[in-house]
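Visitor: Residue numbering for the sequence shown follows the working numbering, beginning at 2 and increasing consecutively. A virtual CB, placed ideally from N, CA and C, is assigned to each residue, including glycine. Here you go, one structure.
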Amino acid sequence: MALTSANLLGLLALLAVASAILKLARALRSPLNKVPGPWLAKFTNLPLKLAVITGSRIHYIQSLHERYGPYVRISPEEIAVNDPKGFKQIHGINSGFEKSGWYKALTVMPRPCLFDMSDAKDHAARRRLFARGFSKSNIRQNWEPAIKEKIALVVTQMLNEAARTHGSVDVMKRWTLMASGVSAHLMFGESFQVIERGETNEFIKTLTSALKGGGIGVEVPIVRTIGKMLPFQATKELFCTNETLDSYAVTAVRNMRASGVSKNIFANILAESEKGEALDDRTVESEAMGLFVAGTDTTAVSLTYLTWAILARPELRKKIEEEVSSLPLNFQEQDVERLPLLNAAIEETLRLYGAAPGALPRTVPPGGADMGGYYLPQGAIVSTHAYSMHRDPSLFPNPESFNPSRWLPDSKDNEHVSSAARAVFSPFGSGSRSCLGSHIAYSELRLGAAEFFRRCPGSSLASSTTEESMHMENFFLIAPQSHRCEVVLETQK
2 MALTSANLLG LLALLAVASA ILKLARALRS PLNKVPGPWL AKFTNLPLKL
52 AVITGSRIHY IQSLHERYGP YVRISPEEIA VNDPKGFKQI HGINSGFEKS
102 GWYKALTVMP RPCLFDMSDA KDHAARRRLF ARGFSKSNIR QNWEPAIKEK
152 IALVVTQMLN EAARTHGSVD VMKRWTLMAS GVSAHLMFGE SFQVIERGET
202 NEFIKTLTSA LKGGGIGVEV PIVRTIGKML PFQATKELFC TNETLDSYAV
252 TAVRNMRASG VSKNIFANIL AESEKGEALD DRTVESEAMG LFVAGTDTTA
302 VSLTYLTWAI LARPELRKKI EEEVSSLPLN FQEQDVERLP LLNAAIEETL
352 RLYGAAPGAL PRTVPPGGAD MGGYYLPQGA IVSTHAYSMH RDPSLFPNPE
402 SFNPSRWLPD SKDNEHVSSA ARAVFSPFGS GSRSCLGSHI AYSELRLGAA
452 EFFRRCPGSS LASSTTEESM HMENFFLIAP QSHRCEVVLE TQK
C-alpha cells in the first residue's frame, strides 16, 4: 500500500508522541529526581537556557542554592553543587570527574588545548610541558619588563586623556587594551600595537566574537545552527571559522621559532618539548589562541572591578595610595607582593568579582558517585560555581561585603578567611585543571593596581559609574552590564 501524505504525517506524529512518552518515562525514573530543584528541571533545561541568553546564569544558580540548598538539579542531567565536600570530591586530584563535552563545544581551536582537553593523562602531559614557561619565576625573569612597559603606557594614556578632555576616563577600555597587548606579546610575540592605536585589531575582534558565539552555541545549539546558515558577516564571525584566526595563529608559530626580539613564551617551551611531548605548529596555534582569550578579558575585568571597588571606598583608597607610595621608584612585582592591603584587596576582588565565576561542568565517572547524600549516575553532569562558593556565608561571613581585611594574615577580623574557605577559593579554577596563566594574571593585577594608584592619587568614580552600571552580566565570563567604568582623575578636578 502506498504511503500517503496523511499516513506519513500520522506516522511522524505517532513517533513524536512515542518519543515524548519515552522521555517522560526516563525523567520520572531518573535517580536525579531525589535532588531538590525546580519541578521543570526534571523535564527541560529551558529556564536555565533563558538565564544563559539573558546573561544571568550565575545569579539564577545562586537564587536556586538560596532556595533549595547546596545540591540543586538545574536541568534533566545537571546538578549544581555548592558544598565544600562536593567541591573537593569533584575537583580533587585523580577524582575521575572529567571535563564534560561542554568545553570542546565552546572553543574554536584547531586542536585540543589545555582549556578543553577532557583526557586527564593528555592534559597532565601538556601541563607539565608548559609548567616551566608559565611559572612565577619565568614570568618575572623574562616577561615582567614587557608587562610593566605596557601598564605604564596605558596609565600614561589615561592621564593624557584626562588632561586633554577634562572628562572621565573609561578604565575598562584601557585595562582591556593593556591585557590584550600583554597577552598578544606573550602568546604571539607581538602586541599588534593595540595599546598605541587605542583599539583592538581585526584578529582580537574576530576571536572575541567567535568565543562569544561559542558561548551561545554551546548553551543554545539551535541558535548556532541557524546562525551558520545566515549570510551576514556578524553571524559568520560568531559561528563560522574565520580565516583571520588562522592567519594570526601562524604568527605564534613563526615567532616561536624566531631568534630575535619577537620570540614568544612558546619559544622557551619548544626547547623543553624536545625532551617530551612534541610541540607541533597546530598545537601552538590552538594554545596561543586559547591562552590569549583566557588572559585578556579575564584580567581586564578583574582590574576594572578592583579599581572600582577601591575608588568606591575613599578611606580604603587613601590607605592603598599610602601603601603603594612606599614602593621603590623602579618597583617590581615582588615588591608589590609584599604590600598586605593591596594584595588583600586583589583577593577580595577575585572572590566577589572573579572574571570566570560560572559553571565548571564535570562528568560523573563510571560507576556513579555518592555526593551530599545523593546517588549520581555515571554520565550525569555536576558543576560548581565560584560565584556561589565564594558567597557561602558559612565560609565567608557577610559574603556580599567587600572586606579586604578578611585576607590580612594578622587579621583579627571575625570575617577572617579560614582554611576551609581558602580550599574553595577558586577564581582561577581548582586542582590540576586550574588556570595555567594565573601567575601572569597576578602580575598584571599587582603591577597594574600599583602603577594606577601611585600615579593617579585622589581619583574618584564618575557619576555615571554606579552599582547598577557595574552590575555583573554573565556570558561565560562576567563584565559590568554597562561595559564601562568611568573614573575622574585628579588632574581633572
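Between residue 294 and chain D, is the shortest Cβ-Cβ distance under 9 Å, so that the two count as touching?
Guide: Protein chain content of the structure displayed is limited to a single chain, and chain D is not contained in it.
Visitor: Taking 6 Å as the limit between beta carbons, can you name the residues of its chain near residue 298, skipping five residues before and five after?
Guide: For the purposes of this step, residue 298 is taken as residue 297 along the sequence shown, with counting starting at 1. Cβ neighbours of residue 298 beyond the five flanking positions: 478.
Visitor: Could you tell me the distance, in whole angstroms, from the CA atom of residue 494 to the CA atom of residue 163?
Guide: Taking the first residue of the sequence shown as position 1, residue 494 is located at position 493. Taking the first residue of the sequence shown as position 1, residue 163 is located at position 162. Because the pLDDT at residue 494 is just 45, under 50, the model does not fix this residue reliably, and the value given afterwards should be weighed accordingly. If I take the Cα positions, the gap works out to 10 Å.
Visitor: With a threshold of 16 other CB atoms inside 10 Å of the CB of residue 131, please say whether the residue is buried or exposed.
Guide: Here residue 131 refers to the residue found at position 130 of the sequence shown. Burial call: buried.
Visitor: So residue 325 and residue 455 are supposed to be a Cβ contact under 8 Å. How far apart are they, rounded?
Guide: Here residue 325 refers to the residue found at position 324 of the sequence shown. Here residue 455 refers to the residue found at position 454 of the sequence shown. Yes, they are in contact, since the Cβ atoms of residue 325 and residue 455 sit about 5 Å apart, within 8 Å.
Visitor: With C-beta atoms as the reference, is residue 462 less than 9 Å away from residue 312?
Guide: For this step, residue 462 is matched to residue 461 along the sequence shown. For this step, residue 312 is matched to residue 311 along the sequence shown. Yes, these two residues count as a Cβ contact at 9 Å.
Visitor: Quick one: Cα of residue 258 to Cα of residue 264, how far?
Guide: Working through the sequence shown from its first residue, we reach residue 258 at position 257. Working through the sequence shown from its first residue, we reach residue 264 at position 263. Taking the straight line joining both Cα atoms gives about 7 Å.
Visitor: Closer than 8 Å by C-beta to residue 65: which residues in its own chain qualify, once you throw out the five before and the five after it? Chain order, please.
Guide: On the sequence shown, position 64 is the one that residue 65 refers to. So the qualifying residues of the chain are 38, 39, 73, 75 and 81.
Visitor: Between the beta-carbon of residue 433 and the beta-carbon of residue 425, is there less than 9 Å?
Guide: Here residue 433 refers to the residue found at position 432 of the sequence shown. Here residue 425 refers to the residue found at position 424 of the sequence shown. Cβ atoms of residue 433 and residue 425: not closer than 9 Å.
Visitor: Do you know offhand how far residue 473's Cα is from residue 204's?
Guide: In the sequence shown, residue 473 corresponds to position 472, counting from 1. In the sequence shown, residue 204 corresponds to position 203, counting from 1. So the two alpha carbons sit approximately 26 Å from each other.
Visitor: Going by beta carbon distance, what residues of the same chain come within less than 8 Å of residue 35, once the five residues before and after it are set aside?
Guide: Translated into the one-based positions of the sequence shown, residue 35 becomes position 34. Answer for residue 35: 375 and 376, listed in chain order.
Visitor: Considering only the alpha carbon of each residue, which of 301, 62 and 248 lies closest to residue 208?
Guide: Indexing the sequence shown from 1 puts residue 208 at position 207. The shortest Cα separation from residue 208 among 301, 62 and 248 belongs to 248.
Visitor: Between residue 489 and residue 451, what straight-line distance do the alpha-carbon atoms span, to the nearest angstrom?
Guide: Residue numbering aside, residue 489 sits at position 488 when the sequence shown is read from its first letter. Residue numbering aside, residue 451 sits at position 450 when the sequence shown is read from its first letter. One C-alpha to the other measures close to 18 Å.
Visitor: Given 8 Å as the limit, is there contact between the stretch 437-445 and the stretch 289-305, that is, 3 or more CB pairs closer than that?
Guide: Yes: the two stretches touch, three or more of their Cβ pairs being nearer than 8 Å.
Visitor: State the Cα-Cα distance for the pair residue 53 and residue 476, rounded to the nearest angstrom.
Guide: By one-based count along the sequence shown, residue 53 stands at place 52. By one-based count along the sequence shown, residue 476 stands at place 475. Whole-angstrom Cα-Cα distance: 7 Å.
Visitor: Kindly indicate which three-state DSSP category residue 418 falls into: helix, strand or coil?
Guide: Taking the sequence shown and counting its residues from 1, the one referred to as residue 418 is at position 417. Here residue 418 sits in coil by DSSP.
Visitor: Quick one: Cα of residue 378 to Cα of residue 435, how far?
Guide: As a first step, residue 378 is located in the sequence shown; it is residue number 377 there, counting from the start. As a first step, residue 435 is located in the sequence shown; it is residue number 434 there, counting from the start. When rounded, the distance between both Cα atoms is 26 Å.
Visitor: Under three-state DSSP, which class holds residue 94?
Guide: Position 93 of the sequence shown holds residue 94. If DSSP states are grouped into helix, strand and coil, residue 94 belongs with coil.
Visitor: Residue 359: which of 428, 304 and 320 sits nearest, CA to CA?
Guide: Indexing the sequence shown from 1 puts residue 359 at position 358. Considering only alpha carbons, the answer is 428.
Visitor: Quick check: the stretch 91-108 against the stretch 353-373, are there 3 or more CB pairs under 8 Å?
Guide: The stretch 91-108 is in contact with the stretch 353-373.
Visitor: From which residue to which residue does the beta strand (DSSP E) around residue 372 run?
Guide: In the sequence shown, counting from the first residue as 1, residue 372 sits at position 371. Here the beta strand (DSSP E) through residue 372 covers 370-372.
Visitor: Could you tell me whether the Cβ atoms of residue 471 and residue 87 are closer together than 9 Å?
Guide: Here residue 471 refers to the residue found at position 470 of the sequence shown. Here residue 87 refers to the residue found at position 86 of the sequence shown. Cβ atoms of residue 471 and residue 87: not closer than 9 Å.
Visitor: Just mark residue 466 as buried or exposed, buried being the case when its beta carbon has 16 or more other beta carbons within 10 Å.
Guide: Taking the first residue of the sequence shown as position 1, residue 466 is located at position 465. Per the 10 Å Cβ criterion, buried.
Visitor: Would you decide whether residue 135 is buried or exposed? Buried here means 16 or more other CB atoms lie within 10 Å of its CB.
Guide: Residue numbering aside, residue 135 sits at position 134 when the sequence shown is read from its first letter. Answer is buried; the Cβ neighbour count reaches 16.
Visitor: To the nearest whole angstrom, what separates the beta carbons of residue 389 and residue 114, a pair I think is in contact under 8 Å?
Guide: Translated into positions along the sequence shown, residue 389 becomes position 388. Translated into positions along the sequence shown, residue 114 becomes position 113. At roughly 27 Å, the Cβ-Cβ gap does not stay under 8 Å, so residue 389 and residue 114 are not in contact.
Visitor: Would you please state the rounded distance, in angstroms, between the beta carbons of residue 289 and residue 189? I believe it to be under 8 Å.
Guide: Reading the sequence shown from its first residue, position 288 is the one you call residue 289. Reading the sequence shown from its first residue, position 188 is the one you call residue 189. That pair is a contact at about 6 Å.
Visitor: In the DSSP assignment, what are the bridge partners of residue 308?
Guide: Translated into the one-based positions of the sequence shown, residue 308 becomes position 307. Answer is none; residue 308 lacks a bridge partner.
Visitor: Could you tell me the alpha carbon to alpha carbon distance between residue 237 and residue 211, rounded to whole angstroms?
Guide: On the sequence shown, position 236 is the one that residue 237 refers to. On the sequence shown, position 210 is the one that residue 211 refers to. Approximately 9 Å, taken between the alpha carbons.
Visitor: Along the alpha helix (DSSP H) that carries residue 473, what are the first and last residues, could you check?
Guide: Residue 473 sits at position 472 when you count from the first residue of the sequence shown. Premise fails: residue 473 lies in the beta strand (DSSP E), 473-476, not in any alpha helix (DSSP H).
Visitor: What's the C-alpha gap between residue 61 and residue 137?
Guide: If you number the sequence shown from 1, residue 61 lands on position 60. If you number the sequence shown from 1, residue 137 lands on position 136. Approximately 36 Å between the Cα atoms of the pair.
Visitor: Quick one: Cα of residue 161 to Cα of residue 491, how far?
Guide: In the sequence shown, residue 161 corresponds to position 160, counting from 1. In the sequence shown, residue 491 corresponds to position 490, counting from 1. Rounded to the nearest angstrom, the two C-alpha atoms are 12 Å apart.
Visitor: Does DSSP classify residue 264 as helix, strand or coil?
Guide: For the purposes of this step, residue 264 is taken as the residue at position 263 of the sequence shown. Coil at residue 264, not helix or strand.
Visitor: State the start and end residues of the unbroken beta strand (DSSP E) segment that holds residue 364.
Guide: Counted from its first residue, the sequence shown places residue 364 at position 363. Counting along the chain, the beta strand (DSSP E) containing residue 364 begins and ends at 360-364.
Visitor: If I measure Cβ to Cβ from residue 182 and keep anything under 6 Å in the same chain, skipping five residues before and after, which residues do I get?
Guide: The residue you call residue 182 lines up with position 181 of the sequence shown. Within the same chain, residue 182 has close Cβ partners 151, 192, 195 and 196.
Visitor: Among the candidates 215, 357, 128 and 399, whose CA atom is the shortest distance from the CA of residue 225?
Guide: Your numbering for residue 225 matches position 224 in the sequence shown. For residue 225, the nearest C-alpha among the options comes from 215.
Visitor: According to DSSP, what are the bridge partners of residue 375?
Guide: In the sequence shown, residue 375 corresponds to position 374, counting from 1. Residue 375 is bridged to 372.
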